[in-house]
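Okay, structure first, notes after.
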Amino acid sequence: MLRLSHLTRLYTLPLCLGGLFFAASLTPSLIPRDWLVQGLLGGVVMALGYLIGRLCITVWRLLDLPEPAGQGARALRWILGLATAGIVLACLVSARAWQNGIRARMSMAPLENMNTFRMLALAILVFIALVLVGYALRWVFDRVRFRLYHVMPARTANVAGFVLTALALIFLARDGVMNRVVIALDDSVTVAQRLFADAPPPPAAQNVTGSADSLIDWGALGQPGRDYVLGGPGAADIADFTKRAALQPIRVYVGRAQADTAQERADLALAELVRQGGFEREVLIVAMPTGTGWLDPGAVDTVEMMHDGDIATVAVQYSYLQSPLALILETRSGLDQAEALIGTIHRYWRDLPKDRRPRLYIHGLSLGAWSSMHGTDLFVLLDDPIDGALWAGPPFPSIRWQNVVASRNAGSAYVAPVLADSRLVRFATHYRDAGGPEGWGDMRIVYLQYSSDPIVFFTTSAFFRAPQWMSEPPGPDVSPDMRFIPVVTQLQLAVDMLLANTAPAGHGHSYFAGDYIPAWVAVTAPGDWSAADTANLIAYCGAHFQKGCSAGSDRKALKTSAGD
Numbered sequence: 049m050l051r052l053s054h055l056t057r058l059y060t061l062p063l064c065l066g067g068l069f070f071a072a073s074l075t076p077s078l079i080p081r082d083w084l085v086q087g088l089l090g091g092v093v094m095a096l097g098y099l100i101g102r103l104c105i106t107v108w109r110l111l112d113l114p115e116p117a118g119q120g121a122r123a124l125r126w127i128l129g130l131a132t133a134g135i136v137l138a139c140l141v142s143a144r145a146w147q148n149g150i151r152a153r154m155s156m157a158p159l160e161n162m163n164t165f166r167m168l169a170l171a172i173l174v175f176i177a178l179v180l181v182g183y184a185l186r187w188v189f190d191r192v193r194f195r196l197y198h199v200m201p202a203r204t205a206n207v208a209g210f211v212l213t214a215l216a217l218i219f220l221a222r223d224g225v226m227n228r229v230v231i232a233l234d235d236s237v238t239v240a241q242r243l244f245a246d247a248p249p250p251p252a253a254q255n256v257t258g259s260a261d262s263l264i265d266w267g268a269l270g271q272p273g274r275d276y277v278l279g280g281p282g283a284a285d286i287a288d289f290t291k292r293a294a295l296q297p298i299r300v301y302v303g304r305a306q307a308d309t310a311q312e313r314a315d316l317a318l319a320e321l322v323r324q325g326g327f328e329r330e331v332l333i334v335a336m337p338t339g340t341g342w343l344d345p346g347a348v349d350t351v352e353m354m355h356d357g358d359i360a361t362v363a364v365q366y367s368y369l370q371s372p373l374a375l376i377l378e379t380r381s382g383l384d385q386a387e388a389l390i391g392t393i394h395r396y397w398r399d400l401p402k403d404r405r406p407r408l409y410i411h412g413l414s415l416g417a418w419s420s421m422h423g424t425d426l427f428v429l430l431d432d433p434i435d436g437a438l439w440a441g442p443p444f445p446s447i448r449w450q451n452v453v454a455s456r457n458a459g460s461a462y463v464a465p466v467l468a469d470s471r472l473v474r475f476a477t478h479y480r481d482a483g484g485p486e487g488w489g490d491m492r493i494v495y496l497q498y499s500s501d502p503i504v505f506f507t508t509s510a511f512f513r514a515p516q517w518m519s520e521p522p523g524p525d526v527s528p529d530m531r532f533i534p535v536v537t538q539l540q541l542a543v544d545m546l547l548a549n550t551a552p553a554g555h556g557h558s559y560f561a562g563d564y565i566p567a568w569v570a571v572t573a574p575g576d577w578s579a580a581d582t583a584n585l586i587a588y589c590g591a592h593f594q595k596g597c598s599a600g601s602d603r604k605a606l607k608t609s610a611g612d
């Protein structure tokens with residue numbers, strides 16, 4: 049018969065470790081968490097700690113090491129239990145202050161109530177559910193290995209049973225994940241894109257992407273493309289702000305459904321850009337969108353306004369999926385499209401007379417930054433370099449971004465690096481701009497990244513090693529109470545990635561116009577532009593729009609009466 053003393057001896061360590069993991073999960077990370085998210089995270093972390101404790105006991109027994117027993121062992125279990133309870137209680141009491149500390153740094157309203165009991169109840173339910181799943185898997189494993197005992201030695205049967213159970217679990221998980229991916233893909237195409245038959249009538253104006261005279265099929269643009277080409281400030285909006293004459297900005301966009309290959313879409317983008325006179329403008333920007341094809345109006349609208357509309361932007365969609373799904377399932381699609389588009393535009397631009405071609409820049413946000421960095425061939429640029437690039441929120445897997453950060457000057461912060469004499473590459477944050485248009489070399493590259501952005505600063509090695517940026521003084525919007533805790537920090541950062549876009553503008557992965565504006569000034573050096581103009585444009589965007597600056601009166605006039 050299983051005695052109570054045996055149960056306490058068997059489960060004290062796993063439960064204490066699970067409790068300590070739960071307490072650690074309450075500590076702050078990069079993005080604020082509400083009680084619901086914290087409950088889910090706490091339950092998962094608690095189950096993981098419990099699992100590690102059980103594995104430790106299993107390994108101890110496999111090594112035939114003596115188990116603690118007697119009065120001393122019982123006293124040790126009491127000490128462990130009481131110490132764990134005290135730590136959990138202390139962290140529960142501090143949890144609201146920790147979360148409010150992050151919220152204050154992001155100018156968010158403080159939490160009046162952490163809903164501690166709800167959060168704790170949810171964490172326990174999640175923990176119990178995961179433990180039951182673990183026991184179910186153990187039951188399956190036992191059934192398989194017991195049957196194999198009849199045909200093979202016990203040790204061999206144990207190994208074979210474990211392998212068969214693991215394979216069955218992998219197949220089940222794979223099928224479940226793939227079903228969800230298919231559903232997500234279907235939703236992305238039918239809801240977000242509204243292709244072909246679901247598209248509204250095309251614009252009446254001829255010199256617009258998707259019009260009757262355009263080389264681009266209006267129905268193939270999809271919702272993100274249509275919003276982009278019809279959005280943004282018109283010539284009248286720009287002139288009203290600058291008090292100078294302005295042109296209508298050119299926006300060329302090619303949808304994923306337009307052609308089968310990346311090169312075909314790039315060739316169409318070039319042909320449409322030529323048709324609309326994009327190479328006759330002062331500034332030309334090749335922009336890579338995010339996974340669904342979205343381009344941040346806070347980035348595009350602002351640079352159009354500071355250049356009096358004498359600007360053309362060209363973009364090509366490479367996926368229908370949200371960026372995380374596109375990153376996992378279509379890793380090459382964005383990279384291939386960026387290579388094709390940037391290479392095609394650069395070759396045509398390179399052959400134009402230098403005194404009659406626009407200044408050429410590259411831009412991308414998030415997954416668009418990753419793909420456009422990859423597509424910018426530095427060896428080709430040695431022959432005839434572009435004028436610059438602005439990359440915002442570069443995802444952590446980008447090798448080029450990693451290499452640039454690794455090349456920073458000694459003593460330079462990981463989250464805000466300084467490279468050499470800052471003539472080629474500069475980093476901008478929400479609290480430090482790129483330093484203006486002075487002091488550059490022939491090419492200007494700016495990385496815009498927030499110190500609280502987990503998409504940028506996530507690391508796959510945080511299970512057992514603190515990220516480099518955690519060894520430095522925290523950024524203004526990062527809690528000074530954040531500490532590295534093995535295993536737990538990795539899971540906290542993973543949750544932060546899922547919540548990255550929920551942060552207020554200017555924090556997390558929510559990039560906004562107020563930070564794009566000085567970065568674009570540094571990169572593109574608009575003529576007849578002053579620090580007062582920068583401040584006025586920032587104020588204008590803040591007063592009129594959350595992220596973009598698109599009043600769009602002229603753009604709206606380009607729509608038909610049945611437009612979006």
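The opening position of the sequence shown corresponds to residue 49 in the working numbering, with each subsequent residue numbered one higher.
Where is the CB? At the ideal position from N, CA and C, for every residue including glycine.
Bear in mind that the values here come from a model prediction, so they are computed numbers and not experimental data.
Nearest-angstrom Cα distance between residue i and residue j?
i, j, result
"L546", "D190", "36 Å"
"P528", "L88", "24 Å"
"T238", "S420", "Residue confidence is low: T238 scores 49 on pLDDT, short of 50, so the model does not pin down where it sits. Its coordinate-derived value is still stated next. Rounded to the nearest angstrom, the two C-alpha atoms are 27 Å apart."
"V571", "L130", "59 Å"
"L30", "L68", "Coverage of the chain is limited to positions 49 through 612, which leaves residue 30 absent and any answer about it impossible."
"T75", "A143", "7 Å"
"S155", "G346", "20 Å"
"G611", "E160", "Annotation note: pLDDT 32 at G611 (below 50); position unreliable, no value reported."
"V256", "A561", "25 Å"
"I586", "I503", "25 Å"
"L332", "Q86", "45 Å"
"F444", "D265", "35 Å"
"L103", "L65", "12 Å"
"I218", "W449", "33 Å"
"G97", "F194", "28 Å"
"G412", "I434", "15 Å"
"E330", "A360", "8 Å"
"F466", "T550", "Per the sequence shown, the amino acid found at residue 466 is Val instead of Phe. One C-alpha to the other measures close to 29 Å."
"S446", "V452", "10 Å"
"L78", "A440", "18 Å"
"A542", "L61", "26 Å"
"A548", "L124", "42 Å"
"D234", "A461", "With a pLDDT of 47 at D234, under the threshold of 50, the modelled position of that residue is not reliable, and the figure given next carries that caveat. Computed Cα separation, rounded: 43 Å."
"A388", "S519", "40 Å"
So the candidates are the options; which of them puts its Cα closest to the Cα of residue i?
i, options, result
"G282", "D275, G273, G270, Q296", "Q296"
"D275", "L343, R474, A284", "L343"
"M162", "W449, P80, E312", "P80"
"A632", "Q86, L467, T340", "The structure shown does not extend to residue 632, since the chain is modelled only from 49 through 612, so no value can be given for it."
"G90", "F165, I105, V174", "V174"
"T290", "T582, A591, A573", "T582"
"D358", "Q324, P114, D525", "Q324"
"D544", "D563, F532, S500, S519", "S500"
"Y613", "D285, Y396, A363", "Only positions 49 to 612 of the chain appear in the structure, and residue 613 is not among them; the question remains open."
"G258", "A579, F219, Y301", "Y301"
"V362", "A591, P433, M353, A314", "A314"
"M353", "L413, P522, I298, L63", "I298"
"V334", "R407, G590, F219", "R407"
"G134", "F70, G101, L84, A169", "F70"
"L539", "I434, M94, V463", "M94"
"E486", "D356, T164, R151, P574", "P574"
"L215", "L185, A482, I127", "L185"
"Q365", "Y498, G382, L278, G484", "G382"
"N148", "A580, D525, A591", "D525"
"L137", "G436, A72, E387", "A72"
"Y409", "P401, G391, I105", "G391"
Just checking my contact of residue i with residue j at CB under 8 Å: how many whole Å lie between their CB atoms?
i, j, result
"I393", "L318", "6 Å"
"D432", "R398", "5 Å"
"V569", "G484", "7 Å"
"T164", "L140", "6 Å"
"D481", "A567", "7 Å"
"P442", "A476", "Not a contact, Cβ separation roughly 12 Å."
"V188", "T213", "6 Å"
Does the ligand NAP have a heavy atom nearer than 7 Å to the CB of residue i?
i, result
"R203", "Of ligands this structure carries none, so the ligand NAP is not represented either."
Could you say if the region 513-524 and the region 542-558 meet the contact criterion of at least three C-beta pairs nearer than 8 Å? no
Residue ranges of each alpha helix (DSSP H) run of no fewer than 4 residues wholly in the region 407-442, ordered along the chain? 415-423, 426-429
Report the residue ranges of all beta strand (DSSP E) runs contained in full by the region 58-133; include only those spanning at least 3 residues, in chain order. none
Contained beta strand (DSSP E) runs [length at least 3] in the region 481-522, N- to C-terminal order: 492-496
Taking one C-beta from the region 458-473 and one from the region 529-543 each time, how about it: are there three or more such pairs within less than 8 Å? no
Which runs of the alpha helix (DSSP H) fall wholly inside the region 151-190 and span at least 4 residues, in chain order? none
What ranges does the beta strand (DSSP E) occupy inside the region 297-380, keeping only unbroken runs of at least 3 residues that lie completely in it? 298-302, 331-336, 359-364
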